[in-house]
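Working notes, beginning with the structure itself.
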Amino acid sequence: MILYIGRRLLAVIGVLIAIAAVTFTIFYVLPSDPAAAACGKSCSAERLTAIRAHMGLDQPLWRQFADFVTGIFTGRTVGSGQYALRCDFPCLGYSYENSQAVWDLLMDRLPVSASLALGAAVLWLLLGLTAGVTAALHKDSLTDRALMVGAVAAASLPVYFTSMMLIYGLIRVAGLLPYPSYVPFGHDPLDWASNLLLPWLALAVLYAAMYARQSRNSMIETMAEPYIRTARAKGLPRRTVVVKHGLRAGMTPILTLFGMDLGGLLAGAVITESIFGLPGIGRLFYGALSTGDQPVILGVTLLAAAFIVVANLAVDLLYAVVDPRVRY
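Anchor point for the sequence shown: position 49 equals 75 in my numbering, and the numbering is continuous, going up by one each time.
If you want it as structure tokens, here you go:
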């Protein structure tokens, strides 16, 4: 197991370096020049040259990339002369817009995106699995059809439409909830939850619909397995057969889907954070895209990739816990 985890972690590092290389190459071939944008319209050639040297853009692409990768593990000095800045481990560079360390920007926004992603994940798992398992156990019944029609309808709604309907119905009309604004969990847990409930619901509606359909199909297939018939023939209680033998084995594809979805959301939900005004990584990424802030875009991209590959590793390890057959 230790060797397996070690190999997977080495693969994670390789994947992240490959993603960084691709992102670097994309920015290199784009016609935009961040140095010219930082210098302004009435910028002299000498000033532009100095800014390019300070940003490291006067170096060849391979040197820029090598400095970036080594800086992640050892830190590096950005710029030169009196304007040189020391970027400590883990160094992702400095934002072109405000000269703040990209790592600090990500860590400031991460609690918001993590709160949004984890809270929504709990809701969509509860709703999606409950609906999917219920539909599977009542296959081809009216309950099954009603739940699946509802799931298809919910999956067809864009998240921005669901968000706007929730804001209109629960805030403007009913006045049941405050307009969302992030409150740190340590300050007031109840206020933290009440402010994030609407974004949680907006995401959970979409994801729960997909999980309901996936869990239904998985449970129907699992409940038809020979060992399930054997467990029933032994006289085991229905609840034991469904939960211990059926649901555990049927959770394998759900775990795969969950790892990808949660890993992606931890790095920011751009549309949801923008609609509800949450200062998470998604809004940071959107702002960086609008201004061409390469270090921030690259930092968010690497963070998202890291979350996804680590989530996949965790899912692979959880397979053996959920389904004992994997251990063999």
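We put the beta carbon where it would ideally sit given N, CA and C, even for glycine.
Exercise. Do ALA142 and THR327 have their C-beta atoms closer together than 8 angstroms?
Worked result: Residue 142 sits at position 116 when you count from the first residue of the sequence shown. Residue 327 sits at position 301 when you count from the first residue of the sequence shown. With the sequence shown as reference, residue 142 is identified as Leu, and Ala is not the correct amino acid for it. The criterion of a C-beta distance shorter than 8 angstroms is not satisfied by LEU142 and THR327.
For this session: On the DSSP bridge assignment, give the partners of VAL12 in chain order.
Result: A query on residue 12 cannot be resolved here, the shown segment of the chain reaching from 27 to 354 and no further.
Exercise. Alpha carbon to alpha carbon, how far is SER300 from ARG309?
Worked result: Counted from its first residue, the sequence shown places residue 300 at position 274. Counted from its first residue, the sequence shown places residue 309 at position 283. C-alpha separation (whole angstroms): 6 angstroms.
Exercise. In angstroms, rounded to a whole number, what distance separates the CA positions of VAL268 and TRP150?
Worked result: For this step, residue 268 is matched to residue 242 along the sequence shown. For this step, residue 150 is matched to residue 124 along the sequence shown. Using only the alpha carbons, I get a separation of about 20 angstroms.
Exercise. What residue from LEU329, VAL347 and LEU324 has the CA that sits closest to ILE52's CA?
Worked result: Counted from its first residue, the sequence shown places residue 52 at position 26. Just measuring C-alpha positions, the residue of LEU329, VAL347 and LEU324 sitting nearest ILE52 is LEU324.
Problem set entry | PRO252 versus ASN338: straight-line alpha-carbon distance, rounded | Within the sequence shown, numbered from 1, the residue matching residue 252 stands at position 226. Within the sequence shown, numbered from 1, the residue matching residue 338 stands at position 312. The alpha-carbon atoms of PRO252 and ASN338 are separated by roughly 29 angstroms.
Exercise. How is VAL209 classed by DSSP in three states: helix, strand or coil?
Worked result: On the sequence shown, residue 209 is found 183 positions in, with the first residue counted as 1. DSSP, read as helix, strand or coil, puts VAL209 in coil.
Problem set entry | Cβ pair ALA162, MET277 closer than 8 angstroms | Locating residue 162 in the sequence shown gives position 136, where the first residue counts as 1. Locating residue 277 in the sequence shown gives position 251, where the first residue counts as 1. Not a contact, by the Cβ cut-off of 8 angstroms.
Exercise. Since ALA180 and LEU222 are thought to touch, with beta carbons under 8 angstroms apart, how far apart are those beta carbons, to the nearest angstrom?
Worked result: Numbered from 1 along the sequence shown, position 154 holds the residue referred to as residue 180. Numbered from 1 along the sequence shown, position 196 holds the residue referred to as residue 222. Wrong, their Cβ atoms sit about 20 angstroms apart, outside the cutoff.
For this session: Using a threshold of 8 angstroms, state whether the C-beta atoms of VAL341 and THR282 are closer than that.
Result: In the sequence shown, residue 341 corresponds to position 315, counting from 1. In the sequence shown, residue 282 corresponds to position 256, counting from 1. The answer is yes: Cβ separation under 8 angstroms.
Problem set entry | Helix, strand or coil at ALA127 [DSSP, three-state] | The sequence position of residue 127 within the sequence shown is 101, counting from 1. Strand at ALA127.
Problem set entry | GLY40 versus MET190, ALA219, ALA332 and LEU343, residue with shortest Cα-Cα distance | Sequence index remark: in the sequence shown, residue 40 carries index 14 (1-based). Of the candidates MET190, ALA219, ALA332 and LEU343, the one whose C-alpha sits nearest the C-alpha of GLY40 is ALA332.
Exercise. Can at least three beta-carbon pairs, one atom from the region 171-190 and one from the region 224-240, be found at a separation below 8 angstroms?
Worked result: The answer is yes - the region 224-240 touches the region 171-190, with three or more Cβ pairs under 8 angstroms.
Exercise. Where DSSP assigns a beta bridge to ARG112, which residues make up the other side?
Worked result: The sequence position of residue 112 within the sequence shown is 86, counting from 1. According to DSSP, which records beta bridges pairwise, ARG112 is partnered with THR103.
Exercise. Can you tell me the Cα-Cα spacing of CYS69 and ALA76, whole angstroms?
Worked result: Taking the first residue of the sequence shown as 1, we reach residue 69 at position 43. Taking the first residue of the sequence shown as 1, we reach residue 76 at position 50. Taking the straight line joining both Cα atoms gives about 11 angstroms.
For this session: Return the Cβ separation of VAL38 and VAL322 in integer angstroms, given the expectation that the two are a contact with Cβ distance under 8 angstroms.
Result: Start at 1 with the first residue of the sequence shown, and residue 38 comes out as number 12. Start at 1 with the first residue of the sequence shown, and residue 322 comes out as number 296. That belief does not hold up - the Cβ atoms of VAL38 and VAL322 are roughly 22 angstroms apart, past 8 angstroms.
Exercise. Are the beta-carbon atoms belonging to ALA140 and LEU292 less than 8 angstroms from one another?
Worked result: Counting from one through the sequence shown, the residue named residue 140 turns up at place 114. Counting from one through the sequence shown, the residue named residue 292 turns up at place 266. Taking C-beta atoms as the reference points, ALA140 and LEU292 count as a pair closer than 8 angstroms.
Exercise. Between the region 117-126 and the region 198-209, do at least 3 Cβ pairs fall closer than 8 angstroms?
Worked result: Because the criterion of three Cβ pairs below 8 angstroms is not met, the region 117-126 and the region 198-209 do not touch.
For this session: Would you grab the beta carbon distance between GLN240 and GLY318 for me? Rounded to a whole angstrom, and I think it's under 8 angstroms.
Result: Within the sequence shown, residue 240 is the residue found at index 214, counting from 1. Within the sequence shown, residue 318 is the residue found at index 292, counting from 1. In this structure GLN240 does not touch GLY318 by the C-beta definition: roughly 38 angstroms separates them, more than the 8 angstroms allowed.
For this session: Would you decide whether PRO184 is buried or exposed? Buried here means 16 or more other CB atoms lie within 10 Å of its CB.
Result: Within the sequence shown, residue 184 is the residue found at index 158, counting from 1. Counting Cβ neighbours within 10 Å, PRO184 comes out exposed, since fewer than 16 surround it.
For this session: Check each candidate in PRO206, ILE307, MET191 and PHE115 and name the one with the smallest Cα separation from GLY289.
Result: On the sequence shown, position 263 is the one that residue 289 refers to. Comparing Cα positions, the closest option is ILE307.
Exercise. Are the Cβ atoms of LEU227 and LEU192 separated by less than 8 angstroms?
Worked result: For the purposes of this step, residue 227 is taken as residue 201 along the sequence shown, with counting starting at 1. For the purposes of this step, residue 192 is taken as residue 166 along the sequence shown, with counting starting at 1. Yes, they are a contact pair.
Problem set entry | Extent of the continuous alpha helix (DSSP H) run through SER300 | Reading the sequence shown from its first residue, position 274 is the one you call residue 300. SER300 -> alpha helix (DSSP H) spans 296-302.
Exercise. Hey, out of LEU132, TYR208, ARG102 and THR49, whose CA is closest to LEU87's CA?
Worked result: Taking the sequence shown and counting its residues from 1, one reaches residue 87 at position 61. Of the listed residues, the one whose Cα sits closest to LEU87 is THR49.
For this session: Rounded to whole angstroms, what's the CA-CA distance from GLY285 to ALA295? Just pull it up for me.
Result: Here residue 285 refers to the residue found at position 259 of the sequence shown. Here residue 295 refers to the residue found at position 269 of the sequence shown. Cα to Cα, GLY285 sits roughly 15 angstroms from ALA295.
Problem set entry | Cross-strand partners of TYR194 (DSSP beta bridge) | As a working mapping, residue 194 is identified with position 168 in the sequence shown. TYR194 is not bridged to any residue.
For this session: Return the chain-ordered ranges of every alpha helix (DSSP H) run that is complete within the region 270-346 and spans a minimum of 4 residues.
Result: Whole alpha helix (DSSP H) segments, 4+ residues: 278-292, 296-302 and 307-317.
Problem set entry | Cutoff 8 angstroms; reference PHE99; Cβ partners in own chain excluding five residues on either side | Working through the sequence shown from its first residue, we reach residue 99 at position 73. PHE115 and PRO116, listed in sequence order.
For this session: For ARG255, count neighbouring C-beta atoms within 10 Å of its own C-beta (all shown protein chains included) and say buried if the count is 16 or more, exposed if not.
Result: Residue 255 sits at position 229 when you count from the first residue of the sequence shown. So ARG255 counts as exposed.
Exercise. Secondary structure at TYR120, three-state DSSP: helix, strand or coil?
Worked result: Position 94 of the sequence shown, counted from the first residue, corresponds to residue 120. In this structure, TYR120 counts as strand in the three-state DSSP scheme.
Problem set entry | Local conformation of ASP166 per DSSP, three classes | Locating residue 166 in the sequence shown gives position 140, counting from the first residue. If DSSP states are grouped into helix, strand and coil, ASP166 belongs with coil.
Problem set entry | Nonlocal neighbours in the same chain, by C-beta distance under 8 angstroms from ILE31, ignoring five residues either side | For the purposes of this step, residue 31 is taken as the residue at position 5 of the sequence shown. When the five nearest sequence neighbours on each side are left out, the beta carbons in the same chain lying within less than 8 angstroms of the beta carbon of ILE31 are those of LEU339 and LEU343, in order along the chain.
Problem set entry | Same chain, Cβ closer than 8 angstroms to ILE43, neighbours up to 5 away in sequence not counted | For the purposes of this step, residue 43 is identified with residue 17 of the sequence shown, where counting begins at 1. VAL95.
Exercise. Under three-state DSSP, which class holds ALA250?
Worked result: Position 224 of the sequence shown holds residue 250. In the displayed model, ALA250 falls within coil according to three-state DSSP, outside both helix and strand.
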